[in-house]
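Residue numbers (the working numbering): 190 to 660.
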Ligand code: SAH
Ligand code: SF4
Ligand code: F3S
């Protein structure tokens with residue numbers, strides 16, 4: 190990888206510039222887990238260049254904003270932040286860099302150039318690996334840099350990474366998305382699907398297991414189409430590696446890695462949830478039985494307009510089949526409320542699916558118009574007050590169901606991966622069940638980062654209270 194070798198040279202150059210001074214960086218991650226994983230890579234590069242991380246932007250010499258543009262409020266966050274940073278820029282001459290999905294949109298770059306011209310560096314999702322080179326130019330040439338590409342970037346291996354956790358790690362298995370759901374900006378800012386070489390993924394996870402990581406989350410916009418573009422000849426094929434040729438076979442192989450105790454993945458697409466994936470989940474004892482299965486809407490009519498390629502009935506049938514095949518399966522989902530043209534009847538269909546499936550968790554979003562997507566051009570946009578009213582009705586139903594599902598835990602024994610002291614009460618410990626519920630309990634420090642058995646004694650909406658079972 191010549192490109193990465195070159196970036197390593199730039200990392201050394203920047204390190205030289207910073208020699209003898211402790212430079213500090215602050216990084217703000219505004220998006221999804223893929224965005225977080227990118228931030229971990231940016232942090233890795235920064236540390237390699239002699240920067241150390243601070244939690245307060247006031248202390249930083251370099252502020253890095255990793256943006257998201259999935260909904261309008263994600264974008265608002267950036268402009269609020271830039272407003273605040275202007276003073277720090279003029280008073281202390283800090284360096285401000287902005288990367289991520291939002292920077293793949295021309296109208297956003299224009300806006301920043303016009304209204305926030307003090308920003309030093311703008312880079313996109315396809316040029317993340319070139320951050321050392323771009324930063325070097327900013328430091329050395331004292332010029333403003335924009336490094337954004339419209340063509341799909343390669344997947345580069347061998348970049349340094351600084352992970353946020355010592356027991357849980359995210360591993361990106363593919364970039365981009367080919368689905369073009371009509372509300373969604375992701376395919377435009379992340380490009381087409383590119384899978385990572387199975388060999389690189391497996392080596393990364395084996396390495397993580399050796400470092401003591403216990404939980405792995407496989408990441409991609411549509412993980413169950415892993416290696417599909419390569420199979421269909423849209424991308425060059427990889428050399429055969431341990432028989433991995435699909436998402437299901439990847440899951441099975443990751444399940445065999447010694448030291449890894451839990452495997453999660455997000456997000457699969459219901460239309461691609463094939464039987465082999467369902468069986469791999471059933472057979473993989475380390476694969477968590479909480480599956481995120483984005484519904485988006487329960488109305489066949491709206492699903493069609495959303496370009497989701499499944500109907501209400503197909504979704505329900507898939508859930509039934511999954512529940513039949515995988516014992517103890519729980520489900521979480523994403524739902525968009527107020528997509529253009531959504532009638533009261535359509536919304537009732539969404540409530541109906543929620544009632545039937547009984548999700549463990551529902552992530553609810555108000556539909557947000559995204560420039561450049563087909564949804565933005567549709568007539569019958571739903572008025573804000575109707576969106577909010579429906580949102581609140583859905584929320585009420587979800588909360589009722591959550592209470593019910595929480596109650597099922599009381600009296601059961603759960604395996605919990607212990608994260609550390611509870612945030613709200615440092616004398617207690619906090620961890621997660623297989624189904625990702627937070628469990629708070631009393632226990633010795635040596636439980637931290639271990640899997641322990643906990644008897645659940647009560648439920649409290651956002652967490653469960655438990656007692657450690659001595660073995
Ligand atoms: N690839 C993932 C989703 C990534 S975006 C998947 O297909 O599940 C995460 C969630 O944001 C989506 O599932 C959707 O519910 C929501 N979302 C995406 N675009 C949106 C928009 N324009 N308005 C509101 N919510 C949106
Ligand atoms: Fe967006 Fe749909 Fe792709 Fe998910 S599958 S990233 S919702 S276009
Ligand atoms: Fe993620 Fe937001 Fe980009 S959700 S892929 S960071 S637009």
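Beta carbons: idealized from backbone N, C-alpha and C, even for Gly.
Using a Cβ-based criterion (distance less than 7 Å to any ligand heavy atom), does residue 221 qualify as near the ligand SAH? Yes.
The ligand SAH and residue 410: does any heavy atom of the ligand fall closer than 7 Å to the residue's C-beta? Under cutoff, so the answer is yes.
CA nearest to the CA of residue 211, picked from 313, 236, 489 and 285: Restricting attention to 313, 236, 489 and 285, the CA atom closest to the CA of residue 211 is found in 236.
Under 8 Å, with one C-beta from each stretch per pair, do the segment 316–333 and the segment 222–237 reach the 3-pair mark? A contact exists between the segment 316–333 and the segment 222–237.
Is any non-hydrogen atom of the ligand SF4 found closer than 7 Å to the C-beta of residue 638, if you look at the structure I gave you? Result no, Cβ not under 7 Å from the ligand SF4.
Among 449, 337, 389 and 423, nearest to residue 381 - alpha-carbon criterion: Among 449, 337, 389 and 423, the Cα nearest to that of residue 381 belongs to 423.
Euclidean distance between Cα positions of residue 570 and residue 269: Those two C-alpha atoms are separated by around 27 Å.
Around the Cβ of residue 650, are there at least 16 other Cβ atoms within 10 angstroms (buried) or fewer (exposed)? Residue 650 is exposed by the Cβ-count criterion.
Determine the extent of the alpha helix (DSSP H) in which residue 418 is found, giving its start and end residues. Residues 417–420.
Assuming residue 523 is part of the beta strand (DSSP E), what are its boundary residues? 519–526 is the span of the beta strand (DSSP E), which, as asked, contains residue 523.
Measuring alpha carbon to alpha carbon, tell me which residue in 522, 489 and 585 is nearest residue 538. Out of 522, 489 and 585, the CA that lies nearest to the CA of residue 538 is found in 489.
Residue of 628, 623 and 600 minimising C-alpha distance to residue 613: For the residues 628, 623 and 600, the minimum Cα distance to residue 613 belongs to 628.
Would residue 288 pass as a contact of residue 255 if the rule is Cβ separation under 8 Å? Cβ atoms of residue 288 and residue 255: closer than 8 Å.
For residue 233, name the three-state secondary structure that DSSP assigns. Looking at residue 233 - three-state DSSP - the assignment turns out to be helix.
Is residue 379 near the ligand F3S, with its Cβ less than 7 Å from a heavy atom? It does: the Cβ of residue 379 is within 7 Å (strictly closer) of some heavy atom of the ligand F3S.
For the alpha helix (DSSP H) containing residue 379, list its first residue and its last residue. Counting along the chain, residue 379 sits inside the alpha helix (DSSP H) bounded by residues 375–379.
Answer with buried or exposed for residue 340, where buried requires no fewer than 16 other C-beta atoms within 10 angstroms of its C-beta. The residue in question, residue 340, is exposed, as its Cβ has fewer than 16 Cβ neighbours within 10 Å.
So what's residue 588 in DSSP terms, helix, strand or just coil? The answer is helix: DSSP assigns residue 588 an H, G or I state.
Start and end of the alpha helix (DSSP H) containing residue 321? Its alpha helix (DSSP H) spans residues 320–330.
Measure the CB-CB distance between residue 360 and residue 416 and report whether it falls below 8 Å. Contact flag unset, no.
From residue 642 to residue 602, what does the alpha carbon distance come to, in whole angstroms? Rounded to the nearest whole angstrom, the C-alpha separation of residue 642 and residue 602 is 7 Å.
Residue closest to residue 473, alpha-carbon to alpha-carbon, out of 378, 274, 441 and 507: Comparing Cα-Cα distances from residue 473 to each of 378, 274, 441 and 507, the minimum goes to 441.
Look at the Cβ atom of residue 315, then the Cβ atom of residue 338, and state whether they are nearer than 8 Å. Residue 338 is positioned such that its CB atom lies closer than 8 Å to that of residue 315.
Does the Cβ-Cβ distance between residue 661 and residue 551 come in under 8 Å? There is no way to answer for residue 661, as the model of the chain reaches only from 190 to 660.
Measuring alpha carbon to alpha carbon, tell me which residue in 346, 420 and 354 is nearest residue 392. Closest by alpha carbon: 346.
Suppose the cutoff is 6 Å on Cβ atoms and the five residues either side in sequence are ignored; what does the same chain contact list for residue 271 look like? Within the same chain, residue 271 has close Cβ partners 305.
CB of residue 528 within 8 Å of CB of residue 557, strictly: By the CB criterion at 8 Å, residue 528 and residue 557 fall outside the cutoff.
Is it buried or exposed for residue 580, if we count other Cβ within 10 angstroms and need 16 for buried? Residue 580 should be labelled buried.
Secondary structure at residue 628, three-state DSSP: helix, strand or coil? DSSP places residue 628 in strand when its eight states are reduced to three.
Do residue 483 and the ligand SAH come close, with the Cβ less than 7 Å from some heavy atom? At least one heavy atom of the ligand SAH lies less than 7 Å from the C-beta of residue 483.
Determine the extent of the beta strand (DSSP E) in which residue 617 is found, giving its start and end residues. Residue 617 -> no beta strand (DSSP E), and no H or E assigned at all.
With respect to the beta strand (DSSP E) encompassing residue 481, which residues constitute its N-terminal and C-terminal limits? It spans 479–481 - the beta strand (DSSP E) in which residue 481 sits, taken as one unbroken run.
Taking 8 Å as the cut-off, does the segment 324–335 touch the segment 351–360 (at least 3 CB pairs, one atom from each stretch)? In short, these stretches do not touch, since the Cβ pair count stays below three.
Touching by the beta-carbon criterion (3+ pairs, under 8 Å), the segment 422–439 and the segment 234–253: Contact fails: fewer than three Cβ-Cβ distances are below 8 Å.
Report the residue ranges of all beta strand (DSSP E) runs contained in full by the segment 451–522; include only those spanning at least 3 residues, in chain order. Correct list: 451–455 and 479–481.
Using a threshold of 7 Å, is the CB atom of residue 360 nearer than that to any non-hydrogen atom of the ligand F3S? Checking every heavy atom of the ligand F3S against the Cβ of residue 360, none is found closer than 7 Å.
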